[in-house]
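Student: Could you have a look at this structure, given as C-alpha coordinates, before my questions?
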Amino acid sequence: MATMVNDETLAPVRMEIEDGIALLRLDQPGKPVNVLSSAFAEEMREILGRLERREGNPRAAVIVSEKPGVWIAGADIEEFREFRTAANGERASRTGQELLNRLERLPVPVVAAIDGVALGGGLEVALACTYR
(Lines of atoms letter the chains of each structure in order from A and count residues from 1; the text may use other names and numbers.)
(Lines give C-alpha, C1' and ligand atoms only; values in the text may rest on other atoms or scores of the structure.)
Protein backbone atom coordinates (compact mmCIF):
# COMPACT_ATOMS: atom_id res chain seq x y z
CA MET A 1 0.00 0.00 0.00
CA ALA A 2 1.33 3.46 -0.91
CA THR A 3 1.61 6.06 1.80
CA MET A 4 1.59 9.67 0.62
CA VAL A 5 3.90 11.75 2.72
CA ASN A 6 3.22 15.26 1.46
CA ASP A 7 0.71 17.30 -0.55
CA GLU A 8 1.23 16.45 -4.19
CA THR A 9 -0.74 19.28 -5.75
CA LEU A 10 1.85 22.08 -5.62
CA ALA A 11 5.01 20.49 -4.28
CA PRO A 12 8.01 20.33 -6.65
CA VAL A 13 8.92 17.02 -4.97
CA ARG A 14 6.43 14.44 -3.75
CA MET A 15 7.25 11.35 -1.75
CA GLU A 16 5.27 8.17 -1.38
CA ILE A 17 6.34 4.93 0.23
CA GLU A 18 5.25 1.64 -1.27
CA ASP A 19 6.56 -1.81 -0.39
CA GLY A 20 9.43 -0.29 1.58
CA ILE A 21 10.59 1.99 -1.26
CA ALA A 22 10.39 5.77 -0.88
CA LEU A 23 9.60 7.15 -4.33
CA LEU A 24 10.51 10.83 -4.73
CA ARG A 25 8.77 12.30 -7.78
CA LEU A 26 10.19 15.52 -9.22
CA ASP A 27 7.57 17.62 -11.02
CA GLN A 28 7.66 21.38 -10.61
CA PRO A 29 4.25 22.87 -11.38
CA GLY A 30 4.23 25.50 -14.12
CA LYS A 31 7.77 24.78 -15.30
CA PRO A 32 8.78 22.85 -18.41
CA VAL A 33 11.75 21.31 -16.56
CA ASN A 34 12.70 20.48 -12.98
CA VAL A 35 15.07 23.05 -11.48
CA LEU A 36 16.66 23.50 -8.09
CA SER A 37 14.61 26.32 -6.58
CA SER A 38 13.95 27.57 -3.08
CA ALA A 39 10.63 25.67 -3.15
CA PHE A 40 12.52 22.50 -4.12
CA ALA A 41 15.00 23.06 -1.27
CA GLU A 42 12.20 23.61 1.25
CA GLU A 43 10.38 20.45 0.20
CA MET A 44 13.58 18.38 0.12
CA ARG A 45 14.51 19.59 3.61
CA GLU A 46 11.24 18.13 4.90
CA ILE A 47 11.51 14.89 2.89
CA LEU A 48 15.12 14.30 3.92
CA GLY A 49 14.10 14.73 7.56
CA ARG A 50 11.46 12.06 7.15
CA LEU A 51 13.93 9.71 5.49
CA GLU A 52 16.53 10.39 8.18
CA ARG A 53 13.94 9.42 10.81
CA ARG A 54 12.96 6.39 8.67
CA GLU A 55 9.28 7.44 8.74
CA GLY A 56 7.27 4.76 6.97
CA ASN A 57 10.21 2.36 7.41
CA PRO A 58 11.74 2.76 3.92
CA ARG A 59 14.51 0.35 2.92
CA ALA A 60 15.59 2.48 -0.04
CA ALA A 61 14.67 5.61 -1.99
CA VAL A 62 14.39 6.31 -5.71
CA ILE A 63 14.33 9.80 -7.27
CA VAL A 64 12.45 10.02 -10.57
CA SER A 65 11.35 12.87 -12.82
CA GLU A 66 7.83 13.31 -14.12
CA LYS A 67 9.17 15.62 -16.86
CA PRO A 68 9.91 13.72 -20.09
CA GLY A 69 13.57 13.90 -21.08
CA VAL A 70 14.65 15.98 -18.08
CA TRP A 71 15.72 14.78 -14.65
CA ILE A 72 16.99 18.09 -13.18
CA ALA A 73 18.08 20.94 -15.45
CA GLY A 74 20.15 22.70 -12.76
CA ALA A 75 19.54 25.74 -10.60
CA ASP A 76 16.56 28.04 -11.04
CA ILE A 77 18.52 30.99 -12.40
CA GLU A 78 15.39 33.15 -12.33
CA GLU A 79 15.72 33.13 -8.54
CA PHE A 80 19.26 34.52 -8.81
CA ARG A 81 17.75 37.87 -9.81
CA GLU A 82 16.22 38.10 -6.35
CA PHE A 83 19.63 38.00 -4.65
CA ARG A 84 20.36 41.55 -3.50
CA THR A 85 23.64 40.84 -1.74
CA ALA A 86 26.50 38.38 -1.91
CA ALA A 87 25.23 37.02 1.41
CA ASN A 88 21.95 36.01 -0.28
CA GLY A 89 23.84 34.01 -2.88
CA GLU A 90 26.11 32.48 -0.26
CA ARG A 91 23.10 31.45 1.85
CA ALA A 92 21.47 29.74 -1.14
CA SER A 93 24.72 27.94 -1.95
CA ARG A 94 25.15 26.75 1.64
CA THR A 95 21.55 25.54 1.75
CA GLY A 96 22.11 23.53 -1.42
CA GLN A 97 25.33 22.03 -0.10
CA GLU A 98 23.64 21.13 3.20
CA LEU A 99 20.88 19.29 1.33
CA LEU A 100 23.39 17.41 -0.83
CA ASN A 101 25.33 16.36 2.28
CA ARG A 102 22.15 15.14 3.96
CA LEU A 103 21.12 13.23 0.82
CA GLU A 104 24.53 11.55 0.66
CA ARG A 105 24.36 10.54 4.34
CA LEU A 106 20.83 9.08 4.39
CA PRO A 107 20.50 5.80 6.30
CA VAL A 108 19.00 4.14 3.20
CA PRO A 109 20.46 3.72 -0.30
CA VAL A 110 19.20 6.27 -2.82
CA VAL A 111 18.90 5.63 -6.56
CA ALA A 112 18.97 8.54 -9.01
CA ALA A 113 16.72 7.17 -11.77
CA ILE A 114 18.03 9.54 -14.44
CA ASP A 115 16.01 9.48 -17.65
CA GLY A 116 17.03 12.68 -19.39
CA VAL A 117 19.35 15.59 -18.74
CA ALA A 118 20.99 16.14 -15.37
CA LEU A 119 22.79 19.46 -15.59
CA GLY A 120 24.72 21.56 -13.08
CA GLY A 121 23.11 21.13 -9.69
CA GLY A 122 21.11 18.22 -11.10
CA LEU A 123 24.38 16.37 -11.66
CA GLU A 124 25.38 17.22 -8.09
CA VAL A 125 22.13 15.71 -6.81
CA ALA A 126 22.81 12.57 -8.86
CA LEU A 127 26.34 12.31 -7.46
CA ALA A 128 25.00 12.61 -3.89
CA CYS A 129 22.86 9.51 -4.49
CA THR A 130 24.17 6.03 -3.74
CA TYR A 131 23.45 4.71 -7.25
CA ARG A 132 22.79 6.28 -10.65
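Here numbering that gives the first Met the number 0 is used: the first residue of the sequence shown is 0, the next is one more, and so on.
For every residue, glycine included, the Cβ atom is placed at its ideal position computed from N, Cα and C.
1) Can residue 121 and residue 55 be called in contact, C-beta distance under 8 Å?
2) Near residue 114, which residues of its chain fall below 8 Å by C-beta distance, leaving aside the five closest residues on each side in sequence?
3) Which first and last residues belong to the beta strand (DSSP E) in which residue 13 is found?
4) For the putative contact between residue 129 and residue 116, defined by C-beta atoms under 8 Å, what is the C-beta separation to the nearest angstrom?
5) Could you check whether residue 23 and residue 14 sit closer than 8 Å to each other, using their CB atoms as the reference points?
6) Taking just the CA atoms, how far does residue 123 sit from residue 99?
7) Have a look at residue 27 and residue 125 and give me their C-alpha separation to the nearest angstrom.
8) Taking 8 Å as the limit between beta carbons, can you name the residues of its chain near residue 118, skipping five residues before and five after?
9) Can you check the segment 33 to 68 for any alpha helix (DSSP H) of at least 4 residues that lies completely inside it and give the ranges in chain order?
10) Just curious, the beta strand (DSSP E) that residue 25 is in, first and last residue?
11) Going by DSSP in three states, residue 76 sits in which element: helix, strand or coil?
12) Starting from residue 115, trace the beta strand (DSSP E) in both directions and tell me its first and last residue.
Tutor: The relevant details are as follows:
1) Going by C-beta atoms, residue 121 is not nearer than 8 Å to residue 55.
2) 63, 64, 68 and 70.
3) For residue 13, the uninterrupted beta strand (DSSP E) segment begins and ends at 12 to 17.
4) Not quite, the Cβ-Cβ distance comes to about 21 Å (not below 8 Å), so this is no contact.
5) In terms of Cβ geometry, residue 14 and residue 23 form a close pair [threshold 8 Å].
6) Here the alpha carbon of residue 99 sits roughly 8 Å from the alpha carbon of residue 123.
7) Counting only the Cα atoms, residue 125 lies some 18 Å from residue 27.
8) Within the same chain, residue 118 has close Cβ partners 71, 72 and 73.
9) Counting only runs of 4 or more, we get 37 to 51.
10) Where residue 25 is concerned, the enclosing beta strand (DSSP E) stretches over 20 to 25.
11) It is helical.
12) Segment 115 to 117, the beta strand (DSSP E) holding residue 115.
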